[in-house]
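Engineer: In our numbering, the protein residues as written are 4 to 481. For glycine and all other residues, C-beta sits at the position ideal for the given N, C-alpha and C. All of these numbers come straight from a predicted model, not from anything done at the bench.
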């Protein structure tokens, strides 16, 4: 019997290297085929769609007092909006309007969330038009899904050509309508139909047509999810009484299918039958049952879809509905609070700014005047002691008609006169005229003082339309 102690091999086992799984950090976009649905809120969306499209496409064709009602004439720097004519120096009205629009958006967001996105945003409106064209050309949602998976064939090619042709027609029409706000629409349309468009005009028309085709046809919900910043900062303006679209978990869960008109208590489930119709109709592809999400544009398609299912099942509507966090979670006093401090503040600020803007617009004088002294000499003095100052007066008719004006000089401290007496001139609509003037003083005892004078321009047919500007009359020392 051997006394040798058995030994154990202590050499390390070969190391097995586990390769980590690779993951692609870029998520490929899954094309969303939203299912068409009808209902109360979709009918409201159709009304807003028709109104916004009609205003955009028809407004450049409306004439007002012999000219296009809305025309931003960049070459002549005249901007016509019905009875108003604006000049570059009136751009503060535009900034004022943008501030009002921002406060209006804030107030609407506090009240009803992203209702602007769902009903009136141009991206939403044009996308809905493009989706309608797609449905006409390729069929309903299931037909489009099958067409996407099918290999290319003559039938598929023809359907795609019809769809993209419709998109192209709407895109080109959008580009022409947009350019029509900056150049007379009737001239533009004649140039377009006769293939004689100016190269720059053609470039901008194709540019906006291409942007429309890309945004509404291809990117669609990607604009709302990744480009538009509104969805990212909207939560800052939300409160617990802001209207949102939400799924009622207490009533709907647990979910499950069942027979038609079979009660929830009978099957031991909630009212949600898990049909996923709310997901199929969503233009951004989210499941509203997962809670409030920034991707939701509040188009209310899921509400109309769910209500139609509830009607078929014989259940009460409102499983998906407009509500608030307080009402949904039964917190607070159980009431909807319309007037809240934030909404009151935004509304008051909005009312004040709109009132001030309208007051400024209606009290705006359709006339402007500017006086500049001659920089070559402060004054001249003749042998007989007459002192002269030279000025250049710029007078602009901001109205849309030709008018005659009277130019006068006034001074309370010295007896100045305008060489040649009172001036009269006729200005065409929007015309800017440069008028050289010489103001004289014959009283030499007034030497050694400078005086403030005022140039006054008055429209002859209406004395109330008047504008003035001040300058200085220079004299030699005693």
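Kindly list the residues whose CB is nearer than 7 Å to the CB of residue 75, restricted to its own chain and excluding five residues on each side of it in sequence; keep chain order.
Structural biologist: Position 72 of the chain shown, counted from the start, is the residue given in the question as residue 75. Within the same chain, residue 75 has close Cβ partners 82, 184, 185.
Engineer: Whole-angstrom Cβ separation of residue 345 and residue 277, contact assumed at under 8 Å?
Structural biologist: Position 342 of the chain shown, counted from the start, is the residue given in the question as residue 345. Position 274 of the chain shown, counted from the start, is the residue given in the question as residue 277. Actually they are not in contact, since the Cβ atoms of residue 345 and residue 277 sit about 37 Å apart, beyond 8 Å.
Engineer: Could you tell me which of 273, 471, 85, 88 sits nearest to residue 250, measuring between CA atoms?
Structural biologist: As a first step, residue 250 must be located in the chain shown, where it is residue number 247. Of 273, 471, 85, 88, the residue nearest in Cα terms is 273.
Engineer: Quick check on residue 462: buried or exposed, where buried means 16 or more other Cβ atoms within 10 Å of its Cβ?
Structural biologist: Here residue 462 refers to the residue found at position 459 when the chain shown is read from its first residue. Around the beta carbon of residue 462, 16 or more other beta carbons sit within 10 angstroms, so the residue counts as buried.
Engineer: For residue 203 and residue 71, I'd like the C-alpha separation in whole angstroms.
Structural biologist: As a working mapping, residue 203 is identified with position 200 in the chain shown. As a working mapping, residue 71 is identified with position 68 in the chain shown. About 21 Å.
Engineer: Roughly how many whole angstroms lie between the Cα atoms of residue 411 and residue 435?
Structural biologist: Along the chain shown, read from residue 1 onward, the residue named residue 411 stands at position 408. Along the chain shown, read from residue 1 onward, the residue named residue 435 stands at position 432. The straight-line gap from Cα to Cα measures roughly 18 Å.
Engineer: By the three-class DSSP mapping on this structure, what secondary structure does residue 276 have?
Structural biologist: As a working note, residue 276 is residue 273 in the chain shown. Coil at residue 276, not helix or strand.
Engineer: Residues in the same chain with beta-carbon distance under 7 Å from residue 26, minus the five sequence neighbours each way, listed in chain order, please.
Structural biologist: Position 23 of the chain shown, counted from the first residue, corresponds to residue 26. Because residue 26 sits at a pLDDT of 47, beneath the cut-off of 50, its placement in the model cannot be relied upon, and the following sentence gives the value as read from the coordinates. Excluding residues within five positions, none has a Cβ falling inside 7 Å.
Engineer: Within its chain, find whatever has a CB closer than 8 Å to the CB of residue 129; leave out the 5 residues flanking it on each side and keep chain order.
Structural biologist: What you label residue 129 is simply residue 126 of the chain shown in a count that begins at 1. These residues qualify, in order along the chain: 173, 177, 215, 218, 219.
Engineer: Assuming residue 322 contacts residue 254 under a Cβ cut-off of 8 Å, what Cβ separation, rounded to an integer in Å, is found between them?
Structural biologist: As a first step, residue 322 is located in the chain shown; it is residue number 319 there, counting from the start. As a first step, residue 254 is located in the chain shown; it is residue number 251 there, counting from the start. The pair is a contact, with the Cβ atoms about 6 Å apart (cut-off 8 Å).
Engineer: Please tell me whether residue 278 has its Cβ less than 8 Å away from any Cβ of chain B.
Structural biologist: Included in the structure is just one protein chain, with no chain B present.
Engineer: If you reduce the DSSP assignment to three classes, tell me which class residue 419 lands in.
Structural biologist: The sequence position of residue 419 within the chain shown is 416, counting from 1. The answer is coil: DSSP assigns residue 419 none of H, G, I, E or B.
Engineer: Can you check whether the CB of residue 421 is closer than 8 Å to the CB of residue 452?
Structural biologist: Taking the chain shown and counting its residues from 1, the one referred to as residue 452 is at position 449. Taking the chain shown and counting its residues from 1, the one referred to as residue 421 is at position 418. The answer is no: Cβ separation not under 8 Å.
Engineer: So, residue 316 versus residue 102, is the Cβ gap smaller than 8 Å?
Structural biologist: Along the chain shown, one-based indexing puts residue 316 at 313. Along the chain shown, one-based indexing puts residue 102 at 99. No, the Cβ-Cβ distance between residue 316 and residue 102 is not below 8 Å.
Engineer: Out of 148, 132, 199, 194, state which residue places its alpha-carbon closest to the alpha-carbon of residue 170.
Structural biologist: Indexing the chain shown from 1 puts residue 170 at position 167. Nearest C-alpha to residue 170: 132.
Engineer: Taking the alpha-carbon of residue 349 as reference, which of 110, 154, 200 has the nearest alpha-carbon?
Structural biologist: Stepping through the chain shown from its first residue, residue 349 is reached at position 346. Selected option, being the one with the closest Cα: 110.
Engineer: Could you give the distance in angstroms between the alpha-carbon of residue 398 and the alpha-carbon of residue 476?
Structural biologist: On the chain shown, residue 398 is found 395 positions in, with the first residue counted as 1. On the chain shown, residue 476 is found 473 positions in, with the first residue counted as 1. When rounded, the distance between both Cα atoms is 20 Å.
Engineer: Have a look at residue 256 and residue 224 and give me their C-alpha separation to the nearest angstrom.
Structural biologist: Residue mapping note: residue 256 aligns to position 253 of the chain shown, counting from 1. Residue mapping note: residue 224 aligns to position 221 of the chain shown, counting from 1. If I take the Cα positions, the gap works out to 29 Å.
Engineer: Between residue 156 and residue 162, what straight-line distance do the alpha-carbon atoms span, to the nearest angstrom?
Structural biologist: In the chain shown, residue 156 corresponds to position 153, counting from 1. In the chain shown, residue 162 corresponds to position 159, counting from 1. When only Cα atoms are considered, residue 156 and residue 162 end up about 10 Å apart.
Engineer: Can you give me the C-alpha to C-alpha distance between residue 266 and residue 312, rounded to a whole angstrom?
Structural biologist: On the chain shown, residue 266 is found 263 positions in, with the first residue counted as 1. On the chain shown, residue 312 is found 309 positions in, with the first residue counted as 1. Straight-line Cα distance between these residues: approximately 14 Å.
Engineer: In its own chain, which residues sit with a C-beta less than 8 Å from the C-beta of residue 294, not counting the 5 before and 5 after it?
Structural biologist: What you label residue 294 is simply residue 291 of the chain shown in a count that begins at 1. 249, 250.
Engineer: Relative to the alpha-carbon of residue 419, which residue among 402, 403, 391, 407 has its alpha-carbon at the smallest distance?
Structural biologist: For the purposes of this step, residue 419 is identified with residue 416 of the chain shown, where counting begins at 1. Taking only the C-alpha atoms, the option nearest residue 419 is 391.
Engineer: Just mark residue 141 as buried or exposed, buried being the case when its beta carbon has 16 or more other beta carbons within 10 Å.
Structural biologist: By 1-based counting over the chain shown, the position of residue 141 is 138. Counting Cβ neighbours within 10 Å, residue 141 comes out buried, since at least 16 surround it.
Engineer: For the alpha helix (DSSP H) that residue 476 lies in, which residues bound it at each end?
Structural biologist: As a working note, residue 476 is residue 473 in the chain shown. Not the alpha helix (DSSP H): residue 476 falls in the beta strand (DSSP E), residues 469-476.
Engineer: For residue 106, which of 426, 192, 298, 353 has the nearest alpha-carbon?
Structural biologist: Sequence index remark: in the chain shown, residue 106 carries index 103 (1-based). Closest option to residue 106, Cα to Cα, is 353.
Engineer: Between the segment 221-240 and the segment 287-301, do three or more beta carbon pairs fall short of 8 Å?
Structural biologist: Yes: at least three Cβ pairs fall under 8 Å.
Engineer: Which value, in whole angstroms, describes the spacing of the CA atoms of residue 39 and residue 147?
Structural biologist: On the chain shown, position 36 is the one that residue 39 refers to. On the chain shown, position 144 is the one that residue 147 refers to. Their backbone Cα atoms lie some 12 Å apart in a straight line.
Engineer: Report the CB separation of residue 440 from residue 396 in whole angstroms; it is logged as a contact under 8 Å.
Structural biologist: By one-based count along the chain shown, residue 440 stands at place 437. By one-based count along the chain shown, residue 396 stands at place 393. With 8 Å as the limit, residue 440 and residue 396 qualify as a contact, their Cβ atoms being about 6 Å apart.
Engineer: According to DSSP, is residue 24 helix, strand or coil?
Structural biologist: Counting from 1 along the chain shown, the entry for residue 24 is found at position 21. A caution first: residue 24 carries a pLDDT of 48, below 50, which makes its placement in the model unreliable, though a value can still be read off. Of the three classes helix, strand and coil, the one that applies to residue 24 here is coil, per DSSP.
Engineer: Using the DSSP secondary-structure output, state which residues sit across from residue 375 in a beta bridge.
Structural biologist: To locate residue 375, count along the chain shown from 1; it is residue 372. DSSP output for residue 375 lists 395 as bridge partner(s).
Engineer: With a CB to CB cut of under 6 Å and the five nearest residues on each side skipped, what residues in its chain are close to residue 165?
Structural biologist: For the purposes of this step, residue 165 is identified with residue 162 of the chain shown, where counting begins at 1. Correct list, in chain order: 140.
Engineer: Evaluate residue 122 with the Cβ neighbour count: other Cβ atoms within 10 Å of its Cβ, from every protein chain shown; 16 or more gives buried, anything less gives exposed.
Structural biologist: As a first step, residue 122 is located in the chain shown; it is residue number 119 there, counting from the start. Burial call: buried.
Engineer: On the CB-based measure, 16 or more other CB atoms within 10 Å of its CB, does residue 152 come out buried or exposed?
Structural biologist: For the purposes of this step, residue 152 is taken as residue 149 along the chain shown, with counting starting at 1. Residue 152 comes out exposed.
Engineer: Below 6 Å CB to CB, which residues in the same chain sit around residue 471 once its five sequence neighbours on both sides are set aside?
Structural biologist: Locating residue 471 in the chain shown gives position 468, where the first residue counts as 1. Excluding sequence neighbours, residue 471 sits near 457, 459.
Engineer: Tell me where the alpha helix (DSSP H) around residue 505 begins and ends.
Structural biologist: No information on residue 505 is available, as it lies outside the stretch 4 to 481 that the chain covers here.
Engineer: If you draw a straight line from the C-alpha of residue 270 to the C-alpha of residue 306, how long is it?
Structural biologist: What you label residue 270 is simply residue 267 of the chain shown in a count that begins at 1. What you label residue 306 is simply residue 303 of the chain shown in a count that begins at 1. C-alpha separation (whole angstroms): 24 Å.
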